[in-house]
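Notes for the one structure printed next.
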Amino acid sequence: MRRPSARRASGPSDFGTYIKITHLLNDYSTPASTYIQRLMESHQRPILIIGAGIAGLALAQGLRKKGIPFLVFERDISSDSRPQGWALTIHFSLQLLLDFLPVDIASRLHTTQIDPNVKHDKSHSVFLNLESCSPKWSLPPTYGNRMRVARGRLRTLLMEGLEERILWGKKLHSFDIGCNQVTTSFEDGTVYTGELLVGVDGCHSTVRSLMYGPDLSQPKPIPACFLGTQALATPSQMKPLLALDKTLFQGSHPSSPVWMWFSVMDRPDPTATAGGASFWRVQICLSWLSPVGNSDVPKDNEGRVRLMREKSKDFHPTFRDIFLHILGDSHEPIVNVPLEFWWLPQDEKPSTLQDRVFLAGDAAHTMPLYRGEGFNHALMDVHHLIKVVVSLLSEQKGQENHMENYEDEIRSRGRRAALMCRDACLEVHQLDKLGDHSVVRQKAFP
């Protein structure tokens, strides 16, 4: 398949020329321009990271710790131009993250937790019958130490120390492979050259599309719909929900293929003055099996609230009240999350890209969220990728094997994880089929 936007350049490119052109096109007052100037003067080619989500920033911090130059390119115009998601649990990759982060960041990772006063999250995995409010199971933590963190707070922490190295409003257009380098072109006309290009740009990765073409890079849909939001709840509304679990719970209905998730994102400030706000910030998600996919999901928030109330009308009152009272009639935004899966194709990567362009995170393995693994796999990618970069830059013997092994490992691991998450998605909506051997209960690594 011919891919004109991802090709090998006809001849070697001069790093100084490319970076100078870009530098002139950028505002000299931006923090990044100073860093770029230093790169020009030192004739260093940076690692080019596409995507300033939490996985891309984790990679950037890992490179910062190693003293390896890099630039991060993000299509958003600023760090707060759109909502930054809900909450997530770091479990089997927690120690890897603590190891590759710089000490000044790793030492404050606990401050991003839902409850910063708790060293590690010890909450159980609680799965409930949404009709009777009885537990299907309540399981202790699987992976030892773990942290339940707010995604927004984590992203803010991971951006510290990177202010000079993140370029905002950068939408990738194409890339070319030259002599031991890769050159990226962006929609604003700017051009940057680096040592390697890493696509950490999400489930619908532009880098992935340029590498494999639109057909091979397209994730496969799962026949289900997912709506989610965050909301504020009063102490009285929270009381019966906290009695079920202090942090989170999930469940499904025995007679309809509907699943829900509820978790705490922020607790009231215990130091607040009397009479001050005491709201809880919570995450509320609802999904259901649907042969027609997202075609029956309304486009507007009010329609989505009505649909969530309709889907939950047969729930136990404890759960039904979440949708009737915590969610207002015009609550927004209600996010429609596509449920999809993808992993690296076997032997489909063009040979010209083998040693210069890589994928990581959701771009390398897209999976639905029902096993809570996506970010943990992204962190494992970063751990391995840092080793590849160090090997390349130090010209270690066998560096080609490191690169090939990286892709073989994430292909194998990503395929297994994506399929398990797909199966878990289909499974959790059918309460009568859940049991000890359910995929949703299996460990990621036997």
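Its first residue numbered 1, the sequence shown is counted upward by one per residue in the UniProt record's numbering. Ideal Cβ positions, reconstructed from N, Cα and C, are used throughout, including at glycine.
If residue i and residue j are in contact, beta carbons under 8 Å, what's the gap, nearest whole angstrom?
i, j, result
"Pro116", "His110", "6 Å"
"Arg165", "Phe70", "6 Å"
"Ala58", "Leu158", "6 Å"
"Arg155", "Ile54", "5 Å"
"Met420", "Val439", "5 Å"
"Ser412", "His402", "Not confirmed; about 16 Å, so no contact."
For residue i, which residues from the same chain have a beta carbon less than 6 Å from its beta carbon, with the 5 sequence-adjacent residues on both sides left out?
i, result
"His173", "Ser185, Phe186 and Glu187"
"Cys133", "His316 and Thr318"
"Ile334", "Leu227, Thr229, Asn301 and Arg304"
Use the C-beta contact count for residue i: other C-beta atoms within 10 angstroms, 16 or more gives buried, fewer gives exposed.
i, result
"His365", "buried"
"Val103", "exposed"
"residue 447", "Any property of residue 447 remains undetermined from this structure, which presents the chain solely from 1 to 446."
"Val292", "exposed"
"Glu160", "exposed"
"Leu139", "exposed"
"His377", "buried"
"Asn301", "buried"
"Glu310", "exposed"
"Asp362", "buried"
"Arg371", "buried"
"residue 464", "The displayed coordinates of the chain run from 1 to 446. Any statement about residue 464 would go beyond what the structure contains."
For the candidate residues the options, whose alpha-carbon lies nearest to that of residue i?
i, options, result
"Ala360", "Glu164, Gly199 and Ile90", "Gly199"
"residue 451", "Ser391, Pro235, Val390 and Val305", "With the chain covering 1 to 446 only, the question about residue 451 has no answer from this structure."
"Thr183", "Gly202, Gly228 and Phe175", "Phe175"
"Val126", "Ser263, Pro223 and Leu101", "Ser263"
"Ala424", "His402, Asp408, Glu373 and Glu395", "Glu373"
"Asp269", "Leu419, Ile114 and Thr156", "Ile114"
"Asp381", "Leu324, Val118, His437 and Gly56", "Gly56"
"Trp86", "Asp355, Leu101 and Thr112", "Thr112"
"Asp201", "Ser209, Gly194 and Glu195", "Ser209"
"Arg153", "Asp80, Pro350, Glu163 and Ile36", "Asp80"
"Arg356", "Arg441, Val207 and Asp329", "Val207"
"Leu96", "Ser42, Leu385, Asn401 and His437", "Leu385"
Using C-beta distances below 7 Å, list every residue in its chain close to residue i, excluding the 5 sequence neighbours before and after it, in chain order.
i, result
"Trp168", "Glu74, Asp76, Ile77 and Ser78"
"Leu216", "Pro345 and Glu348"
"Met238", "Trp280"
With C-beta atoms as the reference, is residue i less than 8 Å away from residue j?
i, j, result
"Leu39", "Leu197", "no"
"Arg45", "Leu94", "no"
"Ala231", "Ile284", "yes"
"Ala224", "Val282", "no"
"Leu431", "Lys136", "yes"
"Arg320", "Lys313", "yes"
"Gly62", "Leu98", "no"
"Thr247", "Arg108", "no"
Beta-carbon within less than 8 Å of residue i's beta-carbon, same chain only, minus the 5 sequence neighbours each way: which residues are those?
i, result
"His429", "Ala224, Ser252, Pro257, Val258, Trp259, Ser287, Trp288 and Leu289"
"Leu339", "Pro221, Ile222, Ala224, Cys225, Phe226, Ser287, Pro368 and Cys425"
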